[in-house]
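Participant:
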């Protein structure tokens, strides 16, 4: 995995040679430790975020490159001041600082100073210092330590304040700075001093919000630094509301306001020069040459004979691709690791029948190519990490396969044995990916064209006693088929039928579900049913019932009043229901819901409902569709009303009367 | 024969024996039926050398028959400095039982058990094997040293109750008279002696057929094989104790508390002030408790003996935080300084029936995971939960209610029992006025009082911030199309506490219109919709011991001109599981809806399960029945 690892040692050596060591001039903190203002004491709520349990009065960090380690270390000094407003904000008194390490580099915390301030009714301020009994350090896993502390004497109304430095040997990884936190922030500021040899760029992401102050300039070498002129930046945001956890959000990372840094090159004139790829085409070219990516595919030749036979057996390209896909899905189990690079030769994954996403899908591309298909890896960022914001190897962590079939690019991901060609697992559905071709790259749209589709056809009759019975035939396609098949396979068929019977409150017989056992794009369920009484209501000569039967939608997923972020569905949705219902002899349809069609602007969601009297009774067609996967916060209220309309419409009853 | 060759032969013999053992063909047919995975061997060997040193060795082998069963092969093992892992290994076997791969300690994932606000030494070793070729068998062998003994692990050979177990063995060796045991649903152990005066016990389970879990089942020890073990003399981190009796175990706890109740001068002054102001003992106890709550927050800190011994009271006062032990000990110190009799009390917390019935009066052992405080109060015992800053004085929720606890007195431990909530106490009394407009929209005022465990369930909302409160309100109201206009709470913090909640609401389309008819479900917002699985034949008794009681009165004001065409008939159900009554009637152009649902506590034979299902179904049906109105033309 040599790709993101820059020629660190060489560069560090070059740095060391001309290091000018001077005493470090004291960094002037913007806010003095312990200098709590009267306004801060008086603050009991936050005007722009009235629900805050705590408020971050001040969140400050300053990054500096200093001599140390193998030449230079990246030292970030943090200074945080938080006021606890409500009991819910006491959680802010437990602080965890993540520290990464690997065989080459480590991070450590030093100079931690922390105080809690409380003010009594008499106005006297009590200051309690954090001592070592409140500090804890845990090696959490192979590459992460947590330095944690819990603040003393904290109650609602208290102010906690801490300063510490993180000294990092990962000098090319400037952490993203989050202006937006779980609590509102009154003042968030980042300063970075970056010596000129380190070329970097920065990008601001998240919810659109203006920087309140921003300065970028070049400065002469500062004392105590590495002795180079510096690029100096300062970014400030004020009065930033807290980010919220909301349903139907792919990743909150997409919306938290932050600044990302990316090192783009190293340059000491006349001594050292290296540029890092900052475009997808440059990154693609490096990937093609990388031993854990393109070269790993080139070296994998064990299946050449097998694949040429596949080519003969399956003259049709789509069938050939599907057969090879099945073969890999069956043969190799995903070990759960989301990776961009293979950590061992691809044939190992085949031999040992297990591998990471990179090993499995790069292997799939190799087999496709060896079988004469045009196929390429597509690099993506998994959904819960947020979508790709700019060209950088650090933006991608996963790889899928794409093959050109019928001159269309079709996606494959063999990490899930139930997926069919063209369907990606939800984790890979993250708007766009980059296709890495032997000579060039292209950005591809990953938005799912296939959706979560459910179509049900019901032919039923209603008895004079009000019992509805009949036949139901339901076809689930694509994501709906995938989810149903997985769920059913988790239990025995008997259990599944008995669970279904309890859920829909009906006796079930002649149950069939096909094809159950392997990846097909659809799965069809048929059975005879007799609903328990209660599906209809009767009084005197009247019978009432809701014609959507067991498929009536009763809860609106969008009951909340406001929405901060876009609404993201993972896939499009279709729910159709067709009912042909025979009413008892001697009855007539007295009242029926009106037909209606409702659409959101640009047809991104639609609901059609049509009901007709027939000779035997009534015929109903209902179709609910979400066609677009993302809606803006401004569209929230429309979407909420759309769902409310559907629920209300499905809550309208049919009235039968005895003639 | 050289030693090396001899060793080689042994290994060869062993693996041959195992190949025999783990061949898939050897699984009895009835265990394989419908199974995704079968536990082949679950063997635990426990050896106590003396009161404070032991060794635990176990083997766990499971055959994964289908992909869907693969999580049954997932492994996790807790460890800490008192209970380190000495060796750890996983071996994989193919379907014929041939070893195909081995994994060592270093191949396992090692993680700290880290949680915000929780600090300790506990770590975990994990392995999540995923293999493409089924069936396969994975066998884990673990050896741990027990450096310090308080509790001994319970042996539950069929941990996942729906997975079948081919063979399970528990072997225990201990110095004579050192160990007590209690087994459930198992034949008596084979007893013997070993060198050095050791006693041995062996329990064996063969061909245990997995069973589906059943709702409302009694504690698992009633149906599943289980062995409980407890030492007599024990030693942990330089402390020594004996748990032959509750009294003795309590003495050990009392010793750990010794000298940890000294208060700071500031606290002593505060206590004196409260004492002077409140001559009534319980009023004083309440003020002291609230003082403790106002000064502290819960932080879990468990290192070494600190897992059992509280931090000194003065430290809690200085730091403003502590775990259940530290906070209870601090509260106890405040009470004692204030002249109130109070005892530190060990409890097994948790809301399930298994948690509540874990402590067995006649089998003393360390079965506790939490601490509360007991104020005897001349027979009217007050129990105090000290880790919650908001809970009213004397209230325990479902986390610690109705169970045996060990009260730690200086003379030793005494078993007590926390209060159970009766149906009368766990009430929800709701009344509502709902005006329906001609377009079907509704304007509603809801007024609800909660007590007991229904108060417990509801009171958390009081301490949320306004935004979360509104969200939680809408979630709870759960009437589609609701718009919250306003709400207020009034909490009665007495003994027992209660909560009054008033909500004003608009519902966009509460009643639905069909031509000249209007449909309306009279049960506005308390519809019972619990579906239980159908079971071919229920095995276990039905146990329900958290009774409660709901009443609803809803008055509807109907739009001009609508008169009832069909009203749901009154329903009156008496069942062993509960009683239900509802009625809708028209009165002066208003519609009045009355409903009472009461769930009875009790233990019922399995044959009554269909009756339970039927009770739930009838209630659900009545709750969603609609009233029909027609507009006079």
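Chains as they are written, first to last, in our numbering: chain L, 13 to 671; chain F, 474 to 1106.
All residues carry an ideal CB built from backbone N, CA and C; glycine is no exception.
1) Hey, is residue 507(F)'s beta-carbon within less than 8 Å of any beta-carbon in chain L?
2) Could you tell me the alpha carbon to alpha carbon distance between residue 4(L) and residue 48(L), rounded to whole angstroms?
3) Kindly indicate which residue of 963(F), 881(F), 1089(F), 913(F) has the alpha-carbon position closest to the one of residue 1032(F).
4) Is the segment 1017–1035 of chain F close to the segment 1064–1078 of chain F, with three or more CB pairs under 8 Å?
5) Which whole-angstrom value describes the C-beta separation of residue 891(F) and residue 875(F), a residue pair presumed to lie in contact below a C-beta threshold of 8 Å?
6) Give a single yes or no on whether residue 698(F) has its beta carbon closer than 7 Å to a heavy atom of the ligand NAP.
7) Can you tell me which of the three DSSP states residue 181(L) falls into?
8) For residue 453(L), report the span of its alpha helix (DSSP H) as first-last.
9) Please confirm if the segment 553–561 of chain F is in contact with the segment 642–654 of chain F, defined as three or more CB-CB distances below 8 Å between the two stretches.
10) So, is residue 765(F) buried or exposed, given that buried needs 16 or more other C-beta atoms within 10 angstroms?
11) Out of 582(F), 730(F), 903(F), 661(F), point me to the one whose CA is closest to residue 644(F)'s CA.
12) Interface residues of chain L around residue 1090(F) at Cβ under 8 Å?
13) For residue 569(F), I'd like the list of residues in its chain whose CB is within less than 6 Å of its CB, leaving aside the five on either flank, ordered along the chain.
14) In chain order, what residues of the same chain have a beta carbon less than 6 Å from the beta carbon of residue 250(L), not counting five sequence neighbours either side?
15) Alpha carbon to alpha carbon, how far is residue 857(F) from residue 82(L)?
16) In this structure, what does DSSP give as the bridge partners for residue 767(F)?
17) Does DSSP put residue 563(F) in a helix, a strand or coil?
18) Cβ atoms of residue 1101(F) and residue 556(L): under 8 Å apart, would you say?
19) From residue 551(L) to residue 867(F), what distance separates their C-alpha atoms?
20) Using Cβ-Cβ distances below 8 Å, what residues of the segment 595–623 of chain F are close to chain L?
21) Quick check on the burial criterion: 16 or more other C-beta atoms within 10 angstroms. Buried or exposed for residue 651(L)?
22) Could you tell me the alpha carbon to alpha carbon distance between residue 1006(F) and residue 541(L), rounded to whole angstroms?
23) Beta-carbon separation of residue 548(F) and residue 600(F) under 8 Å?
24) What are the residues that DSSP puts in a beta bridge with residue 473(L)?
25) By the three-class DSSP mapping on this structure, what secondary structure does residue 46(L) have?
26) If you drop the 5 nearest sequence neighbours on each side, which residues of the same chain put their C-beta closer than 7 Å to that of residue 33(L)?
27) Could you check the C-alpha separation between residue 315(L) and residue 602(F) for me, to the nearest Å?
28) Residue 621(F) and residue 708(F): beta carbons closer than 8 Å?
29) Are residue 639(L) and residue 617(L) close, meaning C-beta to C-beta below 8 Å?
30) Does chain F have any CB closer than 8 Å to the CB of residue 504(L)?
31) Under 7 Å Cβ-Cβ, which residues of chain L neighbour residue 1004(F)?
32) Taking residue 524(L) as the reference, give the member of 512(L), 394(L), 615(L) with the closest Cα.
33) Rounded to a whole number of angstroms, what is the C-alpha to C-alpha distance between residue 410(L) and residue 307(L)?
34) For the segment 76–100 of chain L, which residues have a beta carbon sitting closer than 8 Å to at least one beta carbon of chain F?
35) Between residue 106(L) and chain F, is any beta-carbon pair separated by less than 8 Å?
36) Mind checking which residues open and close the beta strand (DSSP E) that includes residue 271(L)?
Facilitator: Based on what the coordinates show:
1) yes
2) Look at the range of chain L in this structure, 13 to 671, and you will see that residue 4(L) is not part of it.
3) 913(F)
4) yes
5) 6 Å
6) With respect to the ligand NAP, the structure shown offers nothing to examine, as it has no ligands at all.
7) coil
8) Not the alpha helix (DSSP H): residue 453(L) falls in the beta strand (DSSP E), residues 452–457.
9) no
10) buried
11) 661(F)
12) 517, 544, 546
13) 496
14) 199, 224
15) 57 Å
16) DSSP output for residue 767(F) lists no bridge partner at all.
17) strand
18) yes
19) 51 Å
20) 601, 603, 604, 605, 606
21) buried
22) 18 Å
23) yes
24) 481(L), 594(L)
25) coil
26) Because residue 33(L) sits at a pLDDT of 36, beneath the cut-off of 50, its placement in the model cannot be relied upon, and the following sentence gives the value as read from the coordinates. Within the same chain, residue 33(L) has close Cβ partners 79.
27) 26 Å
28) yes
29) yes
30) yes
31) 514, 515
32) 512(L)
33) 17 Å
34) 98, 99, 100
35) yes
36) 270–280
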